[in-house]
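Novice:
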Amino acid sequence: MHMLLLAKSSDVNKGFSMKADIHPQYNTIVFNDLASGEKFLTRSTAKSKKTIEWEDGNTYPVIDVEISAASHPFYTGKQRIMDSAGRVERFNQRFKGFGAKK
């Protein structure tokens, strides 16, 4: 016969607590993508002295980023495919006589 024991959450964490004053603050912050102008409200341990007023009327710290998923070519589907075959052919054309004995 199998017995199923259910523990209260207070029993599970009994005696185990996080160390005080060693963990960074985990706060709400806005990331501003400079390339696309998109802004993301999220939570992070990052800090910033610059602030912005968000759509909900609250003021949050803001971090400007050069690129994010909103502007990165891989995520936007505007990724360029490199023409490696053409580059190899141009290289061979340019250096085809290099190193030949005269």
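For our numbering, count along the sequence shown from 1 and bump the result up by 1363.
No residue lacks a Cβ here, since even glycine has one placed at the ideal position from N, Cα and C.
1) Use the C-beta contact count for I1430: other C-beta atoms within 10 angstroms, 16 or more gives buried, fewer gives exposed.
2) The beta strand (DSSP E) spanning P1387 covers which residue range?
3) Please report the distance separating the alpha-carbon of T1405 from that of A1432.
4) Suppose you measure from the CA of D1419 to the CA of R1453; what does that come to, to the nearest Å?
5) P1387 to A1409, Cα distance in whole Å?
Specialist: If we stick to the structure as given:
1) Against the sequence shown, residue 1430 aligns to sequence position 67. So I1430 ends up on the exposed side.
2) Position 24 of the sequence shown holds residue 1387. Where P1387 is concerned, there is no enclosing beta strand (DSSP E), given that its DSSP letter is neither H nor E.
3) As a working mapping, residue 1405 is identified with position 42 in the sequence shown. As a working mapping, residue 1432 is identified with position 69 in the sequence shown. Their backbone Cα atoms lie some 14 Å apart in a straight line.
4) Counting from one through the sequence shown, the residue named residue 1419 turns up at place 56. Counting from one through the sequence shown, the residue named residue 1453 turns up at place 90. Cα to Cα, D1419 sits roughly 56 Å from R1453.
5) The residue you call residue 1387 lines up with position 24 of the sequence shown. The residue you call residue 1409 lines up with position 46 of the sequence shown. Distance between the alpha carbons of P1387 and A1409: 9 Å.
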